[in-house]
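Chains as they are written, first to last, in full-length UniProt numbering: chain A, 1 to 361; chain B, 1 to 361. Beta carbons are placed, not taken as given, at the ideal position from N, Cα and C, and that holds for glycine.
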């Protein structure tokens, strides 16, 4: 067939180019997303090229309970492993009301503005009930979610903290292989999720506000001692004086805690995520921490320990799951619990009865 | 044969009575102690009558690794169970140097002086190496050890904290059945033993001294938050002003911690165990705590929870022991640990390999 731009009677004069009805790059992405079953290798290749859609798909596999998906997920993770680990991982906690979402939005935007690639994940074991209470509503970070150099993923759901934590930890590796160099992991300041998050990050940031009642400040015991920095948010308007006072108080309190193995002395600072002030100072503190701990080798050492910890934690969790979910044990457990509570049976005798039954069956 | 005091040629005049060469009550006790193998029932009967030697023997059975002894120990414990639980259990911790021994001696003597029967136990998992570093040397409490209403027992030895803690918890029950109404459990302010002790006592006392360097104060993270009271010891001579200042500082720091479920607000006080001052105040605080928590039912509730905790802990510990001591697992574990540390294998993949091997064999 003759081409239309050749001189012929059939030649047409070109009109004005019409814009595509759809953005072609989005269309490609959607098409790719809808394409059935990319192989583990295809996912891996795309992730290593920085493809966020492939990243999302792989994370969905990690979060799936389908054994086939899990197998594929493990293949992807294993492939990502040599490319992971090249990042800094920052845990952020604080009770509801301290402005975590706003802080992460402002902080995340600051990080991308200085050239970082930021992934924001969350650990919220309650999300199986609330369907992702934290980070579930991405519109709470509407600037960051549109940022090309940011990736936001709500908390995995799951019926145990162990399960949610495992999935998050694997997700970190994928994000790193995908080129994200700053991983932020959000958690709420209640329950045991802090301990889990603390064991997967390099730096732990506790967000507070000044002058809140004890109830609002009611963060779980031990969290304050984990903090590498306490950031007092909402230091704006009438709150500035109160925030400064809180800074002094927390500094004094931190002084009473034992020295950290990292050699780091926790720092307290104030900021206003809303007014975008003091955010550079927060990063300055974090950067200083990384400089220190990379220099004294604590950073590397801690990561190795964390890897080992996660291996052992996974084993322990599965040993327990098998035991406590065994039908015969479930039945006997209720009886024994009651007998122990009423002092009819010593806790150790009760344990022995249960263990004997388990290892016989 | 004729009796010599009858009138006869053979009659002798009685001389002056000679004192017995041995104290008969001690001799009886030693004889009883040496008697071979009292039955579980005999031990139990004696314990319920308040016999300290029987108590010591039963505790030795608990601490034994001989399966036959363990079976007998379990019988005794089961028999003590209905008579246990009628006491208050007080945990005392503090780093070496704060004067724990002197404090417990003075505090224990004060308690017996007001009519209490006091048992002092210890949890020190390092004792398998040091052969009982805390309370091992009973002469450090020379007044209390001679007190009829006191019983002192050094820490059980063991190769795991779990094992030592289990033995101590069983020992508490025996002491209570033996009539001791105030159980003091000493531990050192390092390692995880505090958490174990915290989960077996009703009240947790942290002993500190004023003006010590950070090193001496270097108690493990989270301990301060567990404390129901902080007692600043050695508040004597030149130290009084410093101790008062420390009291103010700790009060301020405790204020920053979240409220306790018990409804109790932790109190700070000063004392001098050496000069025997402020000790009554310490007991006053503890008594006030028990009044509050027995009134609001927290006391009873916590004990029930602790019983259940110990049942589950025992199960979890044994599940892990069986796994990690399995010969095939020991071999494979080393390999996998290295691979995980070097990022050749993800922690989760490594765990999976080990678990599959374990459940197949």
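{"Asked": "Residue 121 of chain B, DSSP secondary structure in three states", "Found": "strand"}
{"Asked": "Near-chain B residues of the region 55-81 of chain A - C-beta to any C-beta below 8 Å", "Found": "74, 77, 78 and 81"}
{"Asked": "Nearest to residue 164 of chain A (by Cα), restricted to the options A:182, A:176, A:144 and A:187", "Found": "A:187"}
{"Asked": "Residue of B:291, B:200, B:24 and B:222 minimising C-alpha distance to residue 253 of chain B", "Found": "B:222"}
{"Asked": "Check whether residue 51 of chain B and residue 175 of chain B have beta carbons under 9 Å apart", "Found": "no"}
{"Asked": "C-beta atoms of residue 230 of chain A and residue 206 of chain A nearer than 9 Å", "Found": "yes"}
{"Asked": "Chain B contacts from the region 304-317 of chain A (Cβ-Cβ distance under 7 Å)", "Found": "304, 307, 308, 310, 311, 314, 315 and 316"}
{"Asked": "Opposing strand residues paired with residue 150 of chain A [DSSP bridges]", "Found": "A:118"}
{"Asked": "Span of the beta strand (DSSP E) around residue 343 of chain A", "Found": "Unbroken run through residue 343 of chain A: none, as it is neither H nor E."}
{"Asked": "Secondary structure of residue 279 of chain B, DSSP reduced to three states", "Found": "helix"}
{"Asked": "Endpoints, the beta strand (DSSP E) within which residue 208 of chain A is located", "Found": "203-209"}
{"Asked": "Any chain B beta carbon closer than 9 Å to residue 347 of chain A", "Found": "yes"}
{"Asked": "Separation of residue 181 of chain A from residue 119 of chain A, as counted between CA atoms", "Found": "8 Å"}
{"Asked": "Boundaries (first-last residue) of the beta strand (DSSP E) holding residue 321 of chain A", "Found": "First-last for residue 321 of chain A: 298-324, but that is the alpha helix (DSSP H), not the beta strand (DSSP E)."}
{"Asked": "Contact residues within the region 228-253 of chain A, judged by C-beta distance below 9 Å to chain E", "Found": "This model lacks chain E altogether; the protein chains it does include are A and B."}
{"Asked": "CA-to-CA distance, residue 74 of chain B to residue 349 of chain A, given in whole angstroms", "Found": "7 Å"}
{"Asked": "Residue(s) in a DSSP beta bridge with residue 89 of chain B", "Found": "B:183"}
{"Asked": "According to DSSP, residues forming a beta bridge with residue 229 of chain A", "Found": "A:205 and A:267"}
{"Asked": "Opposing strand residues paired with residue 272 of chain B [DSSP bridges]", "Found": "B:277"}
{"Asked": "Residue range of the unbroken alpha helix (DSSP H) whose run includes residue 258 of chain A", "Found": "From DSSP, residue 258 of chain A is part of no alpha helix (DSSP H); its letter is neither H nor E."}
{"Asked": "Paired residues, beta bridge with residue 94 of chain B - DSSP", "Found": "B:188"}
{"Asked": "Distance between residue 266 of chain A and residue 214 of chain A (C-alpha atoms, nearest Å)", "Found": "Low confidence applies to residue 214 of chain A: its pLDDT is 43, below 50, so where it sits in the model is not reliable enough to give any reading."}
{"Asked": "Neighbourhood of residue 47 of chain B by C-beta distance below 8 Å, restricted to the same chain and skipping five residues each side", "Found": "54, 55, 58, 76, 80, 174, 177 and 178"}
{"Asked": "Inter-stretch contact (C-beta, 8 Å, three-pair minimum) for the region 62-69 of chain B and the region 193-202 of chain B", "Found": "no"}
{"Asked": "Rounded separation between residue 247 of chain A and residue 316 of chain B - CA only", "Found": "42 Å"}
{"Asked": "Contact set for residue 354 of chain A: own chain, Cβ-Cβ below 7 Å, skip 5 residues either direction", "Found": "329, 332, 333 and 336"}
{"Asked": "DSSP-derived helix/strand/coil call for residue 216 of chain A", "Found": "Residue placement at residue 216 of chain A is flagged as unreliable, the pLDDT there being 40, under the threshold of 50; the coordinate-derived value follows with that caveat. Correct three-state label for residue 216 of chain A: helix."}
{"Asked": "Chain A within 9 Å of residue 119 of chain B, Cβ atoms only", "Found": "no"}
{"Asked": "From B:310, B:100, B:340 and B:306, residue whose alpha carbon lies closest to that of residue 310 of chain A", "Found": "B:340"}
{"Asked": "Heavy atom of the ligand GDP within 8 Å of residue 250 of chain A beta-carbon", "Found": "Absence of the ligand GDP from the depicted structure is noted, as is the absence of any ligand whatsoever, leaving it without description."}
{"Asked": "Under 9 Å between C-beta atoms of residue 269 of chain B and residue 232 of chain B", "Found": "yes"}
{"Asked": "Residue 45 of chain A, enclosing alpha helix (DSSP H) - first and last residue", "Found": "40-48"}
{"Asked": "C-alpha gap between residue 318 of chain A and residue 308 of chain A, whole angstroms", "Found": "16 Å"}
{"Asked": "Interfacial residues, the region 164-197 of chain A to chain B, with Cβ spacing under 9 Å", "Found": "166, 169, 170 and 173"}
{"Asked": "Local Cβ density within 10 Å of residue 228 of chain A, reported as buried at 16 or more and exposed below that", "Found": "buried"}
{"Asked": "Three-state secondary structure (DSSP) of residue 108 of chain A", "Found": "helix"}
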